[in-house]
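Student: So the protein lines, in turn, are chains H and Z. The opening position of the first sequence corresponds to residue 10 in the numbering used here, with each subsequent residue numbered one higher. The opening position of the second sequence corresponds to residue 10 in the numbering used here, with each subsequent residue numbered one higher. Virtual Cβ for every residue (Gly too), placed ideally from N, Cα, C. Just dropping this structure here.
Protein chains: 2
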Amino acid sequence: MKYGPIQQAMQATGADACLLSSNVNIYYLTGQVFAGFVYLPAEGDAIWFVQRPAGITAPQAVYIRKPEDIPGLLLSGGLPLPNHLLLEADQITHNEFLRLEAVFHPRQTGNATPLLRQARMLKTPEEIAQMRLSARRHAAVYQQIPSLFREGMTDLDLQYEIENRMRQKGSIGVFRTFGSNMDIFMGSVLTGDNAATPSPFDFALGGGGPNPFLPIGANGTPVRQGQTVMVDMAGNFTAYLTDMTRVYAYGALPDYAYEAHQLSIDMNKRFLLEGKPGVACSEIYNWSVEKVEAAGFKKNFMGITQQAKFVGHGLGLEINEPPVLMQRSKEVLQAGMTIAYEPKFVFPGVGAVGIENTYLVTETGVEKLTVFTEDIIPL
Amino acid sequence: MKYGPIQQAMQATGADACLLSSNVNIYYLTGQVFAGFVYLPAEGDAIWFVQRPAGITAPQAVYIRKPEDIPGLLLSGGLPLPNHLLLEADQITHNEFLRLEAVFHPRQTGNATPLLRQARMLKTPEEIAQMRLSARRHAAVYQQIPSLFREGMTDLDLQYEIENRMRQKGSIGVFRTFGSNMDIFMGSVLTGDNAATPSPFDFALGGGGPNPFLPIGANGTPVRQGQTVMVDMAGNFTAYLTDMTRVYAYGALPDYAYEAHQLSIDMNKRFLLEGKPGVACSEIYNWSVEKVEAAGFKKNFMGITQQAKFVGHGLGLEINEPPVLMQRSKEVLQAGMTIAYEPKFVFPGVGAVGIENTYLVTETGVEKLTVFTEDIIPL
């Protein structure tokens, strides 16, 4: 039951209820998106206060015109108003927060966002089943990429064809991210020196993007002989995302590019072998950086002019969920976490190499969800 | 100069500065997106406080690590700290707002969002030029739609092909909306009775969508003989959007569908003829509803089970900008506004009909930007 961990966290902090209105949290708790609110008390069942669409017939659903209707409905249902209310302070706007606070004027208002993100971090069997389905479709699209490539294509030309095949395999299109420092459209295809272009956003790599209004990813660079194409498109084939990066090469690459790519494969193997509940996320980050330093690739690791400070991240309904595999993480791996591990390298004149897989932390170890050839694939 | 109207509004309310961090407002004022802040004082030049990406060399750019660095930089530059500061209270999260408020602890904090939305409502010649370019590409894609259709296709199959042609014509992909009650992927293709399905979002029409996580638009309904396909895809071929709806038909439709479609064309003609600075948005809404009532189509207007309460809206960097053509609007048309007018009708067993065009309000009237055949187009 998804309420359980959230209600336990509420009880532990003395909170009486959460009022949730973000699409992602409403979907998480109800299996659908509506305009309105999920009211989850610290004990007992949730109530869905729905504004739109018309026609939701679930027994938990109560139609409202505006959030100001909720307190009266709670009271008339014999329920107390919350003294300590949690709102999504990291997701809703300041004015939305103030409005909801004024509706309930609780004695204390807290932040529901971390509770929900912590709960969502540990996936249920049903969520994992969706991720397995996304992973299979993700691999089926990547399998087609060599057949989509034509000499003279730019990164964008190739991306358009990949996007089309993603949609045909059931991609829902939207690629959900958490926070204001993320923006992207369906994923990233990076070739040549565009792989080194820094972006404003908090992804592993950047790219100049198609327009100053979307400065991330492919930017119209032609795919050239002796260079790579790193494909890191969204696995958004269900509500639950998989994250998988593979590298394609047009012609032969310098030896160091193959070496660095093999290092990424080896690091993924180590993650798969050594990952298990209890392993610290910071430890994974630290051994990753040590491996890279020992191999002499530190200046190419996770970018050049701007280097990401993480080597992996949780994911699910959003691409950037906890935990983050970074030096200052306090998290340890737990069964039910799903984590993308993505050691990547960028080389001037060549492009990016390295792989990314999505893993499930099990009771005893780690299972790879994104099963697909890991070597550099010729175009 | 884009600062002018915002600075005048600040001066009129006694505000000393705006601190802006949303992608859309940063792009509006700087022509690019970066992670960081634009600090716009009530008089004088803006300062760009940039966190990422590395490499911005504009003279206004000052690199910071975190917003807490800004006050010291202002003071060391001989600038006063703001006593009355405006933050984007309708765009940034509650916690982002609190953090920025704590950084400056101004005597008074206000909302920058309405000022920016009012300023952005009146387009400059450069912005209008981008919209003209979007409109041309928008029409070029819609022109191809009959050649993309194959018997047996679903709405999603057709949408995937339209999306691919949009990308090939330079669509940047992302389709920007304002507010938390909007979610969509590249636009909407509605056929048959899916056109009547209500959605949680504040668009003119709904549709069940491809997944409960994205309940809007095409849902896999086969395109059937005697039904329509309403195409309302984003005109996101530049940073500035155009909005255009056209109707395609597979086989012959009932007479009333053609009649209602012609009514929408006639209403668009009236908007074009009578629209000019000074005309009230509420007046346009009112005569639109009167026309529809007189023709006997009120129960089909803007949906069936859930009917939108507007007939048009401003647009630009986002699809839902002021003004809104609705009964309770207090706005009047002004030169430089760009407005989508979209009287639409839904018929059970048939689908949606009606057109939408994007118009520019000029000094003397209204100019149509989305020039493309308006009749129902056979598939």
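Thinking just about the alpha-carbon of each residue, which of H/TYR350, H/ALA44, H/ASN173 and H/SER31 is nearest to the one in Z/GLU207?
Tutor: The amino acid occupying residue 207 of chain Z in the given sequence is Pro; Glu does not appear at that position. Taking only the C-alpha atoms, the option nearest Z/PRO207 is H/ALA44.
Student: Using a threshold of 9 Å, state whether the C-beta atoms of H/MET191 and H/VAL150 are closer than that.
Tutor: no
Student: Can you give me, in chain order, the residues of the stretch 252-264 of chain H that have a beta carbon less than 7 Å from any beta carbon in chain Z?
Tutor: With the criterion set as a beta carbon lying under 7 Å from some beta carbon of chain Z, the stretch 252-264 of chain H has no members that meet it.
Student: Relative to the C-alpha of Z/VAL93, which candidate in Z/ALA70, Z/CYS27, Z/PRO62 and Z/PHE58 has its C-alpha closest?
Tutor: Correcting the residue identity first, residue 93 of chain Z is His in this sequence and not Val. Among Z/ALA70, Z/CYS27, Z/PRO62 and Z/PHE58, the Cα nearest to that of Z/HIS93 belongs to Z/CYS27.
Student: Between Z/ARG129 and Z/TYR37, which are expected to be in contact by the criterion C-beta below 8 Å, what is the C-beta distance as a whole number of angstroms?
Tutor: 6 Å
Student: Whole angstroms is fine: what's the gap from Z/SER273's alpha carbon to Z/HIS322's?
Tutor: 16 Å
Student: Taking its Cβ as the centre, do 16 or more other Cβ atoms sit within 10 Å of Z/PRO332, making it buried, or is it exposed?
Tutor: buried
Student: So if DSSP puts Z/PRO231 in a beta bridge, which residue, or which two residues, is it bridged to?
Tutor: Z/THR163
Student: Look at Z/ARG279 and Z/LYS300 and say whether their C-beta atoms are less than 9 Å apart.
Tutor: Here Z/ARG279 is near Z/LYS300, since their CB atoms are less than 9 Å apart.
Student: Reducing DSSP to helix, strand and coil, say where H/GLY81 ends up.
Tutor: helix
Student: Cα separation between H/ALA349 and Z/ASP78?
Tutor: Taking the straight line from one Cα to the other gives about 33 Å.
Student: Is there a Cβ from chain A that is less than 9 Å from the Cβ of H/ARG141?
Tutor: The displayed structure is made up of protein chains H and Z, and chain A is not among them.
Student: Once DSSP output is grouped into helix, strand and coil, what is the label at Z/HIS114?
Tutor: coil
Student: Which one or two residues does DSSP pair with H/TYR37 in a beta bridge?
Tutor: BP columns for H/TYR37 are empty, so no partner.
Student: Which residue's Cα is closest to the Cα of Z/ASP241: Z/PRO231, Z/THR230, Z/GLU170 and Z/VAL256?
Tutor: Z/VAL256
Student: Report the residues of the stretch 207-222 of chain Z with a CB closer than 9 Å to any CB of chain H, ordered along the chain.
Tutor: PRO207, SER208, PRO209, PHE210, ASP211, GLY215, GLY218, PRO219, ASN220, PRO221 and PHE222
Student: Put Z/TYR72 into one of helix, strand or coil per three-state DSSP.
Tutor: strand
Student: In its own chain, which residues sit with a C-beta less than 7 Å from the C-beta of Z/THR118, not counting the 5 before and 5 after it?
Tutor: In chain order, LEU94, LEU96 and GLU110 place their CB closer than 7 Å to the CB of Z/THR118, counting only its own chain and leaving out the 5 sequence neighbours on each side.
Student: Counting only beta-carbon atoms, is Z/ALA55 nearer than 9 Å to chain H?
Tutor: no
Student: Restricting to Cα atoms, I'd like to know which of Z/GLU136, Z/LEU29 and Z/ASN366 is closest to Z/GLY345.
Tutor: Z/GLU136
Student: Kindly confirm or deny that the stretch 143-158 of chain H and the stretch 156-165 of chain Z touch, where touching means at least three C-beta pairs closer than 8 Å.
Tutor: Touching, no, given that fewer than three Cβ pairs across the two stretches are closer than 8 Å.
Student: Check Z/MET175 in the structure and name its three-state DSSP category.
Tutor: Z/MET175: helix per DSSP, three-state reduction.
Student: Along the chain, where does the alpha helix (DSSP H) that runs through H/TYR151 open and close?
Tutor: 134-157
Student: Taking 8 Å as the line, does the beta carbon of Z/SER143 fall inside it for any heavy atom of the ligand MG?
Tutor: Summarising the ligand content, the structure contains no ligands, and the ligand MG is consequently not present.
Student: Express the C-alpha separation of Z/ILE328 and Z/ILE193 in angstroms, rounding to a whole number.
Tutor: 11 Å
Student: Please list the segments of the beta strand (DSSP E) lying wholly inside the stretch 329-363 of chain Z, counting only runs of 3 or more residues, in order along the chain.
Tutor: If we require 3 residues or more, the beta strand (DSSP E) runs fully inside the stretch 329-363 of chain Z come out as 330-335, 347-350, 353-356 and 360-363.
Student: How about H/ASP164 and H/VAL198: are their beta carbons less than 9 Å apart?
Tutor: yes
Student: Identify whether Z/ASP264 lies in helix, strand or coil by the three-state DSSP scheme.
Tutor: helix
Student: With distances taken Cα to Cα, identify the nearest neighbour of H/LEU281 among H/PRO68, H/ASP166 and H/VAL375.
Tutor: Relative to the Cα of H/LEU281, the nearest Cα in the group H/PRO68, H/ASP166 and H/VAL375 belongs to H/VAL375.
Student: Assuming H/ASP202 and H/GLY312 are in contact, meaning their beta carbons sit under 8 Å apart, how far apart are those beta carbons, in whole angstroms?
Tutor: Actually they do not touch by this definition, with Cβ atoms about 12 Å apart.
Student: Please classify Z/LEU324 as buried or exposed, where buried requires at least 16 neighbouring CB atoms within 10 angstroms.
Tutor: buried
Student: Hey, Z/SER189 and H/GLU105: beta-carbon distance below 9 Å or not?
Tutor: Taking 9 Å as the Cβ cut-off, Z/SER189 and H/GLU105 qualify as a contacting pair.
Student: Are there 16 or more other CB atoms within 10 angstroms of the CB of Z/GLY81, so buried, or fewer, so exposed?
Tutor: exposed
Student: When the Cα of H/MET276 is compared with those of H/SER180, H/PRO352, H/THR102 and H/THR382, which residue comes out closest?
Tutor: H/PRO352
Student: Mind checking whether H/ALA248 and Z/ASN220 have CB atoms under 9 Å apart?
Tutor: yes
Student: Using DSSP with H/G/I as helix, E/B as strand and the rest coil, what is H/SER297?
Tutor: Helix, per DSSP.
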